[in-house]
Amino acid sequence: MFNPLLDRRHFMQHVAAGAALTVPTLGFLEHLSANVQQVKKAEKACIMVWLGGGAPTIDMWDLKPESKNGGEFKPIATKGDFQISDQLPKLAGVMDRMSVVRSMSTREADHARGRYYMHTAYVPNPTVEHPDFGSVVSYELGPKRSYLEIPSFISIGGGGGSAGFLGMSHAPFVVDGNGNIRNAEMRNMTADRLGQRLSMLGVIEDNFIRSNRGELPQAHKDIYVQAKNLLTSQQMAAFKTEQEDAKTREAYGNNNLGRGLLMARRLVETGVPFIEVNDGGWDLHNGVFNALKNNKLPPLDQAVAALMNDLTARGMLNNVVVLVMGEFGRTPRINQDVGRDHWASSWSLAIGGGGLKGGRAVGATDKDGVGIESQSYLPGDLWATVAQAMGIPLSTVHTSKRGRPMKIANGGTPIADLLS
Amino acid sequence: MTSRSNTIKPEIIDELSALLGKLCDQSLTVEETRRLEALVMSHPGYTQYYLDYLQVHGELLWDEGRLGERTQSRPAIGRRRVLKVVRRAMAKPASWAVVSLALMFGVFVFWTPKNESGPTIVENVAKPQTSAEVTSVIEKTPAANPKIDAPLVVDNQKPTVARPDVSTPVTAPPMRGPDANSIVESDGRKPLMKEEPGLPPSFLEPMVTPSTQNAVAVVDDGKPLNDEAVIAKINQLLHDEWTEQAVKPAEFASDDVWLRRVTMDLWGRIPSVKEMNGFQSAEGDGKRARFVKKLLASEAYALHFADYWTTLLVGRRPNALVHSNQLRSYLANRFHEKPYWDEVVADLISAEGNPAENGPANYLVAHLNNQAVPATAVTARLFLCKQMQCVQCHNHPFNDSRQTDFWQLNSFFKQTKIQAVTGGEELQNKMSTMTSSPNGGVRLVNLKQGGPTFYESRNDVMHVAFPSYAGVTIGEGDDVNRREELARILQNQGKNELAAAYVNRIWSYFFTYGFTNPVDDLGSHNPAVYPELFQFLSQQFAASDFDTKRLMTWICLSDLYRLSSETTGTPEADLAAGVPVFSKMYLKPMSPEQVYDSFSLMSDEYPQNRQDWDRYLKGRDEWIRQFSIASQTDENDEVNLLDGTVPQALELINGEMSQETVKAIAVSVMRDINPARLTSEQEQGLVRSICQKTLSREPTEKELTAFRRALLATRHQATGTAEKQLAMYQQTLEDIAWAYVNSNEFSVVR
């Protein structure tokens, strides 16, 4: 399947071992291009649409038309057995394949803390840096996909995030909404010369790694292996949505979110197991209804519906979990600026694909959307659900750098109503 | 933690409400008290509900006038207020149930295992207070409050503190002892282990609490010492802690490592070969002190820390309204000439006018959106190392920050607006969507407008907050300049918090970790490591009139700063359960500015004169901004991709700056060399020059062998004209330079 001498993870070690600089050409370009065809559509993956800033889910997935908190939008019927906002007509048509969880209760209503909690399933703790769930997936599934030359956790359109104690090589690889990656194309540089340089680098690096100064020196070396792969891999074509036909591009929408989701689908086809697509600007403290109606909801409606239909048409839906959420919801109460503020104690998210049940509204809030009238769910429960869908055992335990065992998804319980 | 336990049940809330109603009516039976306790302790949500309920109850009592005479300016009501209210009611025997229950829960809720200083509530109660004290309103004239007295006297004038001579800030503070040059260094390979008596118990008191009583206590002991005495004390405290914890500190780093470290830390770039040679040839005990003094006296130092603070204050992303170059230039002037941190903070907080002209005005212009919520949170985080954004919506579960505290601080920014210079339109609600500044620019103004800030608690009750901080509430009239008042409070009653916050942040800048981690989360819930040292440094910094250069002198000449980054034990021993032990120097990644400045130095493009800086910084800003991504939240966060991950590696492997720099290095070492007639020593010299230029050290034997072999091979393989052969030889030198600047060793401050 691949030449073990040239396995990307061992490339640098080999280079370093041959410290005498007599490895001018390793022929890795040829090797890499040979594998491009080994694309695995059947691999498990997760695409997370991140609504940065915290979306007003009470106006999207869990409307309260009878309440003073109801706002301007009306519920409409969907193909599932529940209603969503009239501003999301295209999504209404795919709700047979998606479900809405209406009883998330996550307590962190600060952007940074909420982002951390929703991404890692752990509340921030000064002594441990927890990995984003995307990094967990990268750690668990990345090494099993030896054909994969690009990072196994890709974040489109910013966002940041961290691999925490799993190490920098599982950090999200961030590309902009157009898939541009600076310096990823070799300039005035032959593969031979890059090989010569890398072998020289090996001479210097290993000495520093051995000098017992903590983890940074080795992490640096791992990152360079990844960077070298990006410079030489044909799989970089996955970032180029312009290679799709006009009709497909139009279906997703000619905007960053649409392109991002289309890119995500291409990355899944290349074998990337976790892709986060960032859509910011949901921090709607004022003018929430105008912003939703005119700016935020139409592209979301179009792009996510297009993704669901595309995955269905390509026979990929059962392998790909699609998740739409942000760091928290927004206050049921409408504030003096016709906005909604941060609210973590009762909010909703949408999830589908990956063999999970569609068409269901899981959990419920009270008549004003303030309290939860059912079982409530934590981020760990959500990620346990995703882990199960992706075939990552819930018994998986990672060990922090200080030897502390950490259960996957913070020991959460999969959301039963999404599984059967 | 399972999802089930997280559920808040409506029927429990109903039961809680009934029990709390009885509590407030003082009709709670013993059984009901037990039931209430069990419920409140069973879930954080119920605890919060309990706190909110009591808060509202206290407020209602107050509003009904049942607690006695109203004062003219009413203090905001929060948990502490409720307790005071309750305490007052203790005269009536029936109130004891309320009091004891409230205190009992207070102890449970706010107790954390590591917090040995105990909850503030209990301390307050333990001190008998008269009813006059309980109800007295702290007005802005501190004389009205007997508790805020000497040594910090507040008046409405700028504090008149004797400042050292500005032209020679490091050498001439009034109370100084011997010159920094005479500071005695340990010259062996290992830190001196000294046996000295422990500290007086007063040092052990908790440093950072928001209460007024504690805020003034610290300076009593903090008599200003001269630099030599401060450094000796730092070393003693370090050695005491190492001994106590049975930690074996790393050996001292070599001269070249120390020099690269201190140049990188204070100037933000690697040292030049000339600087390296100058230091190595210097003689005598005081050479480190002399070098630090030289670094601190330079404009490069001031500009580097101006960079550091500009990034913290306004970020790296372009913002249509923010002129970060103006802010940077203001900070650089301050740090160079008048490096007193409290004054810088006062300038930033109270600035007015056009940010294109007045540097400090940029700070608030960047954060005034969304009712100044970001301005409040960022002010607390940056200047006080406090995380207050969470208490915006609810009381803090683990420390004694209250929602009221947030809004009281917020109230200081209530008069502040951003207006278009032309037309006077208010702009802050549009800030997040503005892609260009209006014609004529904007200005930061104070409206002549009084009144409190209104906010809601979680149970939908509207509250009111008056401008108040560190126990000082200022008047709410139209004629009060609230931000100037806040600056004054921070420089006086808030002085110790301000000092501790700066010390903690700067410590983490030099040593990777702060005394607390995260660095900007000080409080009783997050105990500090090396608490005596932290307190001592904070006291001395405050006593030095917040002289940032002196603080950095102490740090850079301490034994800890000389330790190698090579551990003598295991990595686990250096970071016990993630908590820094400070037994060695931890590696630090370079900042984007440090990367750029170091590359510029290697390619001889680092500016030599002040007049060249503007153009240089413009280029650098453009380079860095390519890697910044906004988080698009109301808190104006951003992400920088130059964080040691793949984008940075790609830039250094393949970017234009990197390619040009390695070329420049190759050209510079080739000067006056004829490769056709190279001796073996000369060829070694080429490798040595490249290594010194890039890593500030001699090449290892292994590097010399490998790279000379590559050069030799090039000479043998090179064909064609002499010019072409020369070009090929130069290419190999570029490859060697490339390898050095791309190495892990280059990428960190070690």
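Top to bottom, those sequences are chains A and B.
For the first sequence, the residue numbers in the numbering used here are 1 to 420.
For the second sequence, the residue numbers in the numbering used here are 1 to 750.
Note that beta-carbon positions come from the ideal geometry of N, C-alpha and C, so glycine has one too.
Collapsed DSSP secondary structure at residue i in the structure displayed
| i | result |
| --- | --- |
| residue 341 of chain B | helix |
| residue 638 of chain B | strand |
| residue 330 of chain A | strand |
| residue 150 of chain A | coil |
| residue 356 of chain B | coil |
| residue 314 of chain A | coil |
| residue 597 of chain B | helix |
| residue 8 of chain B | coil |
| residue 449 of chain B | coil |
| residue 253 of chain A | coil |
| residue 590 of chain B | coil |
| residue 385 of chain B | coil |
| residue 180 of chain A | coil |
| residue 100 of chain A | strand |
| residue 295 of chain A | helix |
| residue 563 of chain B | strand |
Contacts around residue i, its chain only, beta-carbon distance under 7 Å, and the 5 residues preceding and following it disregarded
| i | result |
| --- | --- |
| residue 243 of chain A | 237 |
| residue 579 of chain B | 529 |
| residue 291 of chain A | 284 |
Closer than 7 Å at the beta carbon, the chain A residues around residue i
| i | result |
| --- | --- |
| residue 14 of chain B | Neighbours of residue 14 of chain B on chain A: none; closest Cβ ~11 Å, over 7 Å. |
| residue 370 of chain B | 285 |
| residue 748 of chain B | 216 |
Where residue i meets chain A, residues with beta-carbon distance less than 8 Å
| i | result |
| --- | --- |
| residue 579 of chain B | 127 |
| residue 639 of chain B | 158, 159, 160 and 174 |
| residue 586 of chain B | 214 |
| residue 698 of chain B | Within 8 Å Cβ-Cβ: nothing; residue 698 of chain B doesn't reach chain A, min ~13 Å. |
8 Å Cβ shell around residue i - same chain, five flanking residues per side excluded
| i | result |
| --- | --- |
| residue 211 of chain A | 217 |
| residue 397 of chain A | 405, 406, 407 and 408 |
Contact list for residue i against chain B, beta-carbon separation under 7 Å
| i | result |
| --- | --- |
| residue 196 of chain A | 735 |
| residue 184 of chain A | 650 |
| residue 171 of chain A | 645 |
| residue 334 of chain A | Ordered by position in chain B, no residue passes the 7 Å Cβ test against residue 334 of chain A, which lies about 12 Å from the chain. |
Closer than 9 Å at the beta carbon, the chain A residues around residue i
| i | result |
| --- | --- |
| residue 418 of chain B | Per Cβ cutoff of 9 Å: no residues; residue 418 of chain B is ~16 Å from chain A at best. |
| residue 740 of chain B | 200, 201 and 204 |
| residue 665 of chain B | By Cβ distance, chain A contributes nothing, its closest Cβ being about 14 Å from residue 665 of chain B, past 9 Å. |
| residue 349 of chain B | Correct list: empty, because the minimum Cβ distance to chain A is about 23 Å. |
| residue 518 of chain B | 124 and 126 |
Chain B contact residues for residue i, given Cβ-Cβ distances below 8 Å
| i | result |
| --- | --- |
| residue 117 of chain A | Correct list: empty, because the minimum Cβ distance to chain B is about 12 Å. |
| residue 221 of chain A | 744 |
| residue 168 of chain A | 644 and 645 |
| residue 211 of chain A | 566 |
| residue 227 of chain A | 646, 649, 650 and 653 |
Contact belief for residue i with residue j at Cβ below 8 Å, rounded distance in angstroms
| i | j | result |
| --- | --- | --- |
| residue 323 of chain A | residue 349 of chain A | 7 Å |
| residue 403 of chain B | residue 457 of chain B | 6 Å |
| residue 330 of chain A | residue 284 of chain A | 7 Å |
| residue 308 of chain A | residue 97 of chain A | 6 Å |
Chain-order list of residues whose beta-carbon lies under 6 Å from that of residue i (same chain, five-residue window excluded)
| i | result |
| --- | --- |
| residue 508 of chain B | 514 and 519 |
| residue 45 of chain A | 268, 273 and 320 |
| residue 363 of chain B | 313 and 348 |
| residue 130 of chain A | 120, 122 and 164 |
| residue 333 of chain A | 69 |
ask   = Are at least three pairs of beta-carbons, each pair with one atom in the stretch 511 to 530 of chain B and one in the stretch 307 to 319 of chain B, less than 8 Å apart?
value = no
inquiry  = Any contact between the stretch 92 to 105 of chain A and the stretch 51 to 67 of chain A? By contact I mean 3 or more CB pairs, one from each, below 8 Å.
reply    = yes
message = Contact between the stretch 196 to 206 of chain A and the stretch 276 to 285 of chain A is defined here as three or more beta-carbon pairs at a separation below 8 Å; is this criterion met?
response = no
task = Evaluate the contact criterion for the stretch 346 to 366 of chain A versus the stretch 394 to 411 of chain A: three or more CB pairs, one atom per stretch, below 8 Å.
result = no
inquiry  = When you compare the stretch 319 to 334 of chain B with the stretch 599 to 607 of chain B, are there three or more beta-carbon pairs, one atom per stretch, that lie closer than 8 Å?
reply    = no
key: Inter-stretch contact at 8 Å, needing at least 3 Cβ pairs: the stretch 121 to 136 of chain A / the stretch 61 to 79 of chain A   = no
task = Please determine if the stretch 137 to 148 of chain A and the stretch 359 to 374 of chain A are in contact, where contact requires at least 3 C-beta pairs separated by less than 8 Å.
result = no
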